Amino acid sequence: MAEAIWGDNFEHSQLYRHHAMRNHRFLRLLPLLLLLVLPLLPQRTLAQGKAAGYQYMQMTTIESIVAGGLGRSRVLFTPEFKGTKEAQMENLFSLTGINIGNVKTNEETILRYLSEVTEDGWELFQVTPLTQTLQNTGTTGQGIFLTRYTFRKAK
2 MAEAIWGDNF
12 EHSQLYRHHA
22 MRNHRFLRLL
32 PLLLLLVLPL
42 LPQRTLAQGK
52 AAGYQYMQMT
62 TIESIVAGGL
72 GRSRVLFTPE
82 FKGTKEAQME
92 NLFSLTGINI
102 GNVKTNEETI
112 LRYLSEVTED
122 GWELFQVTPL
132 TQTLQNTGTT
142 GQGIFLTRYT
152 FRKAK
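The opening position of the sequence shown corresponds to residue 2 in my numbering, with each subsequent residue numbered one higher.
Here it is in structure tokens:
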């Protein structure tokens, strides 16, 4: 009878060791599994956002830095917004240098468009500022300030 009990305990301990080894292997693989699965979660969230359906619009402001007031500054809409595809802004420089009055006028223009777009139900989703200096003559007297405003609206 003692052998039967010892045998049962022996089989039980073997079974316990077998399960413990399997659990140990699983725990060793758990970080790897998490590394593989976690990057998929944000994509699923983005996919759910796409399923909700948004339409997007972009407003781009281009302010050129060209001495003498020869630059071209614009506001562009893609797709067009209330019939406006492109609107002119003032050049940042005049013959005498930077023109603070033009800077203020451009700021007012940009704020007016931002207000109109958001009042129309568009949500400002992302802003990307960019600058480019042209150095073809060894001076930094030319360049552009470009800002992209991305809006979205539920369909």
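Glycine included, every Cβ here is placed at the ideal spot set by N, Cα and C. Please read all numbers here as calculations on a predicted model, not as lab measurements.
query	result
Whole angstroms are fine: how far does the CA of LEU115 sit from the CA of ARG73?	21 Å
Rounded to whole angstroms, what is the Cα-Cα separation between LEU71 and PHE146?	15 Å
Per the contact definition of three or more C-beta pairs closer than 8 Å, is the stretch 75-86 in contact with the stretch 52-62?	yes
Quick check: the Cα distance between PHE126 and LYS156, rounded to an integer number of angstroms?	15 Å
In three-state terms, what does DSSP make of GLU120?	helix
Skipping 5 residues on each side, what residues in its chain have a beta carbon closer than 8 Å to that of GLY54?	ALA155, LYS156
From the DSSP output, read off the bridge partner residues of THR148.	THR62, PRO130
For ARG149 and PRO32, what's the separation of their Cα atoms in angstroms?	40 Å
Are GLU81 and ASN107 closer than 9 Å when you measure CB to CB?	no
Going by DSSP, name the residue or residues bridged to LYS154.	GLN56
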